[in-house]
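Encoded as structure tokens, the structure appears first; notes follow it.
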Amino acid sequence: MSASIKSEPDELATELCSPLPTERVIFTYAMNAIAFGLTGLALIPLLSILWEILVRGISGLKSDMFVKAVIDNGFGNAILGTIIMVLIGGILSIPTGIMTGIFLAEFSQTNPITGLVRFISSILTGVPSIVVGVFAYGVIVLVTKGFSAIAGGFALAVIMLPVIILTTEESLKLIPISQRLASAALGGTRFQTIFRIVVTAAIPGITTGILLAVARAAGETAPLIFTALFSLDWSEGFLSPTASLPVLIFNLYNDPDPEKSQLVWTTSIVLLGLILCVSILSRLVIRQRRIN
Numbered sequence: 018m019s020a021s022i023k024s025e026p027d028e029l030a031t032e033l034c035s036p037l038p039t040e041r042v043i044f045t046y047a048m049n050a051i052a053f054g055l056t057g058l059a060l061i062p063l064l065s066i067l068w069e070i071l072v073r074g075i076s077g078l079k080s081d082m083f084v085k086a087v088i089d090n091g092f093g094n095a096i097l098g099t100i101i102m103v104l105i106g107g108i109l110s111i112p113t114g115i116m117t118g119i120f121l122a123e124f125s126q127t128n129p130i131t132g133l134v135r136f137i138s139s140i141l142t143g144v145p146s147i148v149v150g151v152f153a154y155g156v157i158v159l160v161t162k163g164f165s166a167i168a169g170g171f172a173l174a175v176i177m178l179p180v181i182i183l184t185t186e187e188s189l190k191l192i193p194i195s196q197r198l199a200s201a202a203l204g205g206t207r208f209q210t211i212f213r214i215v216v217t218a219a220i221p222g223i224t225t226g227i228l229l230a231v232a233r234a235a236g237e238t239a240p241l242i243f244t245a246l247f248s249l250d251w252s253e254g255f256l257s258p259t260a261s262l263p264v265l266i267f268n269l270y271n272d273p274d275p276e277k278s279q280l281v282w283t284t285s286i287v288l289l290g291l292i293l294c295v296s297i298l299s300r301l302v303i304r305q306r307r308i309n
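Per my numbering, residue 18 is the first one in the sequence shown, and the count goes up by one each step.
Right, dumping it as structure tokens:
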């Protein structure tokens with residue numbers, strides 16, 4: 018009896034260490050080849066677009082274009098306008114999104130409206146950006162009687178908000194319950210536990226969500242057409258029409274002037290570079306989070 022019991026683990030170990038059948042090896046290699054082939058096929062359109070932008074735009078890139086307005090064949094005012102409106106959107110959406118995410122993650126068991134808030138946040142992620150632009154036009158532009166950077170920032174805030182809410186909620190839910198219990202055992206109040214323990218541990222995930230929201234907002238065009246409009250020269254203030262990189266590309270793409278056409282391709286490189294930097298930064302934050 019004991020000999021048969023000892024032989025069973027030996028047989029199992031032998032079976033596990035034996036090479037796979039030829040049919041399974043061929044099937045594995047075939048599936049890997051198909052996966053790599055389809056991945057390469059999906060990358061062809063993306064790489065072709067990037068190559069076209071680089072080939073057409075790099076020749077017109079000059080250092081003085083970063084400090085000139087569109088009217089002087091530059092895009093400095095568009096870069097500044099994009100940064101200003103993204104900052105306004107971040108100021109409006111980041112605190113609100115983080116606090117709402119904390120509310121959904123930490124108080125969902127005791128508050129009946131959390132389901133409604135989560136449902137609305139999920140719906141907002143799928144709302145077309147042009148609809149957000151129309152909404153911001155009715156809320157800000159019609160009230161202030163003018164297009165402005167504030168209206169554009171408000172539209173970007175609406176786009177950024179659901180991303181920040183949902184990523185904050187998921188980041189907080191990933192924190193082990195043992196950390197909350199340990200804080201309570203040491204005499205920490207609920208407020209201290211949430212903001213000193215849970216939120217602190219979830220900062221990498223929250224930061225990643227913020228950076229992803231910023232990257233999405235920086236490339237939006239439709240909301241800014243309805244809110245910030247455009248300006249060929251430097252903006253006169255937060256309450257005046259403001260240029261942005263996406264709207265510059267949209268407005269000047271069909272311009273017959275060769276200089277303006279070249280400016281469009283060069284601006285595309287700059288916009289891709291800004292979004293790429295934000296995306297790389299978010300990846301670095303994710304990597305650091307995994308290491309920790």
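Cβ coordinates follow ideal geometry from the N, Cα and C atoms, glycine included.
Backbone CA spacing between TRP251 and VAL103 [nearest angstrom]: Indexing the sequence shown from 1 puts residue 251 at position 234. Indexing the sequence shown from 1 puts residue 103 at position 86. Computed Cα separation, rounded: 17 Å.
Unbroken alpha helix (DSSP H) run spanning PRO263, endpoints: Within the sequence shown, numbered from 1, the residue matching residue 263 stands at position 246. That run of the alpha helix (DSSP H) goes 262-269.
Terminal residues of the alpha helix (DSSP H) in which THR56 lies: Residue 56 sits at position 39 when you count from the first residue of the sequence shown. Looking at the DSSP string, the run of the alpha helix (DSSP H) that includes THR56 is 39-74.
Rounded straight-line distance, which links the Cα of GLU237 to that of PRO282: Position 265 of the sequence shown holds residue 282. Position 220 of the sequence shown holds residue 237. In the sequence on display, residue 282 carries Trp and not Pro. Here the alpha carbon of TRP282 sits roughly 17 Å from the alpha carbon of GLU237.
Closest Cα partner of GLY118 within the set ILE167, ALA260, GLY132: On the sequence shown, position 101 is the one that residue 118 refers to. The shortest C-alpha separation from GLY118 is found at GLY132.
Selection from PRO112, LEU64, ILE286 that minimises the alpha carbon distance to THR224: Position 207 of the sequence shown holds residue 224. THR224 has its Cα closest to that of PRO112, out of PRO112, LEU64, ILE286.
Close Cβ partners of LYS190 (< 6 Å) along its chain, the five nearest in sequence each way excluded: Stepping through the sequence shown from its first residue, residue 190 is reached at position 173. Leaving aside the five residues that flank LYS190 on each side, the residues in its chain whose CB is nearer than 6 Å to its CB run, in chain order, ALA122.
Buried or exposed by the 16-neighbour rule on C-beta atoms within 10 Å, applied to MET48: Your numbering for residue 48 matches position 31 in the sequence shown. Looking at its Cβ environment, which holds fewer than 16 other Cβ atoms inside 10 Å, MET48 is exposed.
N-terminal and C-terminal residue of the alpha helix (DSSP H) that ASN94 is part of: Looking up residue 94 in the sequence shown gives position 77. Segment 93-123, the alpha helix (DSSP H) holding ASN94.
Beta-carbon separation (whole angstroms), ALA168 vs THR244, contact threshold 8 Å: Translated into the one-based positions of the sequence shown, residue 168 becomes position 151. Translated into the one-based positions of the sequence shown, residue 244 becomes position 227. The Cβ separation is near 4 Å, so the contact holds.
Top-ranked residue by Cα proximity to LEU249, from ASN268, GLY114, ALA199: Taking the sequence shown and counting its residues from 1, the one referred to as residue 249 is at position 232. Nearest of ASN268, GLY114, ALA199 to LEU249, Cα basis: ASN268.
CB of ALA201 within 8 Å of CB of VAL295, strictly: Residue 201 sits at position 184 when you count from the first residue of the sequence shown. Residue 295 sits at position 278 when you count from the first residue of the sequence shown. A distance of 8 Å or more separates the beta carbons of ALA201 and VAL295.
Close-in-space but distant-in-sequence residues of the same chain around PHE120 (CB under 8 Å, 5 per side omitted): Along the sequence shown, read from residue 1 onward, the residue named residue 120 stands at position 103. Answer for PHE120: ASN128, THR131, VAL134, listed in chain order.
Buried/exposed call for LEU288, threshold 16 Cβ in 10 Å: Translated into positions along the sequence shown, residue 288 becomes position 271. Within a 10 Å sphere around the beta-carbon of LEU288 sit 16 or more other beta-carbons, which makes this residue buried.
8 Å CB neighbourhood of ILE242 in its chain, flanking five on each side removed: Position 225 of the sequence shown, counted from the start, is the residue given in the question as residue 242. Residues of the same chain with a CB within less than 8 Å of the CB of ILE242, apart from the 5 flanking positions on each side, are GLY150, VAL264, PHE267 in chain order.
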